[in-house]
Amino acid sequence: MVAGGLALAFVVFLLAGHPGFREERVVMFLAINFMAGTLIYYIRLAQRGEDFYLRPIPGLKAVEEAVGRSTEMGKPVLYVPGIMDMDQVETVAGVIILGHVAKMTARYETSLNVPVSRSIVMKAGREIVRESYTMEGRPDLFQDDMVHYLTDDQFAYAAGVNGIMVREKPAACLYMGKFYAESLILAETGNSIGAIQIAGTASQAQIPFFVTACDYTLIGEEFFAASAYLSQKPELLGALKGQDMLKAFVTATILLALLLRVFNDLGWIDWNVIDFLTVQ
Amino acid sequence: MLWKRQIPILIATVVGLLTLFGWFTNNPGIESFVNDDATQWFDILASFAIFLGALNLMKLQGRKVLKQHSGWQYSLFTIGGFIFAIVAGFIYKGNDAVAWGFHVTSKGTLFKWMFDFIFTPLSATMFALLAFFVASASYRAFRVRNLEATLLLVSGIIIMVGRVPLGSSISSWFIMYLLVLVGSIAANIKLQDKIITFGVLLGGVVIVTIWGSLAGWPVDQPSIFYLPMLQDWIYNNPNVAGARAIMIGIGLGIFATSIRYILGVEKSYIGE
Amino acid sequence: MMKYIIELILSIGKVDRRWIFLVIGLAVLLPLFFPLGLPIRATNATQRVYDAVEELEPNSKVLVSFEYGPSTKPEIHPMAIAILRHLFTNGQKVYVTCLWPDGQFMAEDALTEIAEEEYGLTYGEDYVLLGFRPGNEAVVKGLVSNIRKLYTTDARGTLVDQIPMMANVNKVKDFDFIFSASAGYPGTIEWVQYAADPTGVPMSTGTTSIQVNDVMPYVQSGQVKGILAGMPGAAEYEALIGSPGIGTSGMDAQSIAHLVIVLFIVFGNITYFIETRRAKKY
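The listed protein sequences correspond, in order, to chains A, B and C. Residues in the first sequence are numbered consecutively from 1, following this note's numbering. Residues in the second sequence are numbered consecutively from 1001, following this note's numbering. Residues in the third sequence are numbered consecutively from 2001, following this note's numbering.
Encoded structure:
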């Protein structure tokens, strides 16, 4: 009903001359609203108790194993939340996963080391880790310096993290966030100290390096799905399902657009679907 | 509780919706906020936040030196480097003819010297480590375990060799002879028959030799076996296709994640 | 004899990775001292960049953006130098901006070497260094709408209004061409998305080899006219303009290093096969 009301209001707004609205971007506007609406629909469905199947992701199952391994060996867990700031969605996702990992380290009383590259990430990371330890009933184990700042510079940060790895020899290294060229340097050093390594990133160019050097890698969307997997909250699971539906919709749109474009090239129809879909 | 939960979520929602839908409006005020101000506000916040990070760094490293924890000698380098950079940036110019601010890039200043002779070589060295790590990672990971791993291995080799001038010097006929050899080895492993193996090898060599003689042994023909052409095709077709698919998936993931933050569905980033 | 060879292969297969590092180090170092002179053949992607620059009318206004630092200098600096040579040879006006703070240092070095020392050009009339401004893609968007909102002075402190070649240059659309020498974010993709594509100003780019994957969809769709891919791209461009430089001299080393890595991979697989067969047997 709400969606219908909003749609009607928008139609009226358009017909009334759409003051202040860029007409050439209406396709994108409708697409965004449709996609957001789909996500909201599946979130509501999940909140009402609907069950959704999620395929198992080995990398996420392995996170608890990795923390357990560190506990047994009496070594710390090293968590690297990427090298970018909180304005990147991947960094926020990485910091959220840090919260879940912190709950595990609090539960198993394993030490956690989180070197960061940005000050704002340091503050956000500290708050999340503090809250995780408090929720596990172990606020006494939390120390501010668990999450500490190294440097903003990409390779200086890589050198610093490498130094931590070689000196402290963590049993588990988790790389979750946005990475650039330093990804292989970190992963190879982690490999050389015999740590179990789990990486998650949406940085497409770095995925092959993590796949080669790490034990488990969360590729692209699997990384964004991690918080839903680890928390098992209905609204997050619903959003995941909605995301999958959107992917099916995008695939169908691509195929339909291909067909229409072929018809246009053959001269069967006048309308060029590419012009319609191109964002101005 | 209000300050730690509801207000941050409200700020995220309002600013997020404004940034998202501000792109569809032609109101100059909103456009200016979305295109310029919002990003600059963040840059200003991040710039001031550097003090927090720097103080934390000095506190940790200083404590390590004072209490002589293991590896405290490295902390001396950190503290020394930090102080040197502060001096070069804010205290000692080294070239009085240059104004403060421009001394960062001007010749003859301490800061420029530090950039050219300390920072640049160190950064280049760290980046150069990748060459060694790529070699050791490739040696360890590129194994013919299954079909996908074999495809990865073969395409990796084609691109590595085809991309450099050495690849354009390798004749396509050499590649064809190599394929004949590989084919006969595969036939031997599969069929375990010496006669068939020899037949495949001899037949292949004869066919390639006759073909090459008739064609005049051009280096880049047939182009399907010429490494630079092959690597170009692999790069521009299956590689980009796979990259596009991953980009679409990542794009959708970013969209869905951002909508979760904007609508307040995902609240973990401010703590549970 | 065969058994001895197999045992030797297996023992080499378990070699400490530091021996691999040593061999790679020698493979890169020796060709730098003893060049092989391997011929360099330009790919289509590089040719498209060359053609795009060559097609510009003399005295065109070209915006060159430096988005790399010392770590990626060996890959990107040679192509930036080659592009500047090409532009200055053809008599173009070059406007330099930087989206990275390190980029300004790189731009200073490049302009001093090429514009000042090699071509003896006049600052402010033939080329200008506008410098670095913070803000990532906001800088690109700002340049698209109003350059003077971002740049009141250039990198040397001169008011932009007092620079002769800045007359009638107010936004990105006033340029005839954009070239981005980029090593990451912000870089080529931000220039395509916020400047070149919306305004229709033609654009080319040079990036690190690893970044080519991210940019290739834009090249294939025609939004970016060609791409210089890493040091090979730089060497190819140097060959096209007939001015071999650092890119060309690095290609022998890169060729041998790639060959050595391939040999290691093949050797590693031979070891893997032998070990797998032995494991099946026993």
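From the three backbone atoms N, C-alpha and C, an ideal C-beta is built for every residue, glycine too.
Here DSSP, grouped into helix, strand and coil, assigns A:T217 to strand.
Minimum Cα-Cα distance from C:T2188 among the listed residues C:A2279, C:R2277, C:F2066, C:K2073 corresponds to C:F2066. In terms of beta-carbon proximity, A:G163 lines the interface with chain B, with at least one pair separated by less than 8 Å. In the structure shown, C:S2204 adopts extended strand secondary structure according to DSSP, grouped into three states. With contact defined as three or more Cβ pairs closer than 8 Å, the segment 1052-1067 of chain B and the segment 148-162 of chain A are in contact. Between C:G2242 and C:R2041, the alpha-carbon positions lie close to 12 Å from each other. DSSP places A:T201 outside any alpha helix (DSSP H); the residue lies instead in the beta strand (DSSP E), whose first and last residues are 196-201. Residue environment: B:Q1061 is assigned as buried (16 or more neighbouring CB atoms within 10 Å of its CB, all protein chains considered). Each residue's CA atom was taken as its position, placing A:T105 and A:G125 some 14 Å apart.
For A:P115, the enclosing beta strand (DSSP E) covers residues 112-116.
The residue among B:E1148, B:V1206, B:S1136, B:I1118 with its C-alpha nearest the C-alpha of B:F1082 is B:I1118.
Burial of B:N1035 is indicated by the presence of at least 16 other C-beta atoms within 10 angstroms of its C-beta.
Under the 8 Å criterion on CB atoms, A:D85 is classed as interfacial with respect to chain B. B:Y1269 carries a helical assignment under DSSP once its states are collapsed to helix, strand and coil.
If you draw a straight line from the Cα of A:G200 to the Cα of C:I2210, it comes to about 18 Å. Distance check between B:L1153 and each of B:A1137, B:F1127, B:V1164, B:L1166 places B:A1137 closest, using alpha-carbon atoms only. Between B:S1168 and B:P1222, the C-beta gap is not smaller than 8 Å, which leaves the two residues out of contact. Among the bridge pairs identified by DSSP, A:Y79 is matched with A:L174.
Listed in chain order, the non-local C-beta contacts of A:M28 below 7 Å within the same chain comprise V279, local neighbours out to five positions each way being set aside.
Between A:G59 and A:Y216, the C-beta spacing is below 8 Å. Cβ proximity to chain B below 7 Å picks out Q2220, P2232, M2251 from the segment 2218-2251 of chain C.
When the beta-carbon positions are compared, C:M2203 and B:V1240 stay at least 8 Å from each other. DSSP places B:K1059 inside the alpha helix (DSSP H), whose first and last residues are 1038-1066.
Per DSSP, reduced to three states, the secondary structure at C:F2066 is strand.
A straight line joining the alpha-carbon of A:D87 with that of C:G2157 spans about 31 Å.
Put simply, of C:L2130, C:P2164, C:G2184 the residue whose alpha carbon is nearest the alpha carbon of C:N2136 is C:G2184. In this structure, C:D2214 and A:A205 form a Cβ contact; the two beta carbons are roughly 6 Å apart against a cut-off of 8 Å. Judged by DSSP in its simplified three-state form, B:F1024 adopts coil rather than helix or strand. Listed in chain order, the beta strand (DSSP E) elements of length 3 or more contained wholly in the segment 2156-2202 of chain C are 2177-2182. Taking a Cβ-Cβ cut-off of 7 Å, the neighbours of B:I1259 in chain A comprise A36, L39, given in sequence order.
What C:Q2211 touches in chain A, judged by beta-carbon distance under 7 Å, is A205, going in chain order. For the C-beta of B:I1159, not a single chain A residue is nearer than 7 Å; the gap to the nearest is close to 12 Å. Sorting C:I2261, C:G2222, C:I2270, C:P2244 by C-alpha distance to the C-alpha of C:V2049 places C:G2222 at the top. At a cut-off of 8 Å between beta-carbon atoms, C:T2097 makes no contact with chain B.
Only residues of its own chain outside the window of five on either side were considered, and among them Y2119 have a CB closer than 6 Å to the CB of C:F2088, listed in chain order. Collapsing the DSSP output to three states places A:A16 in coil.
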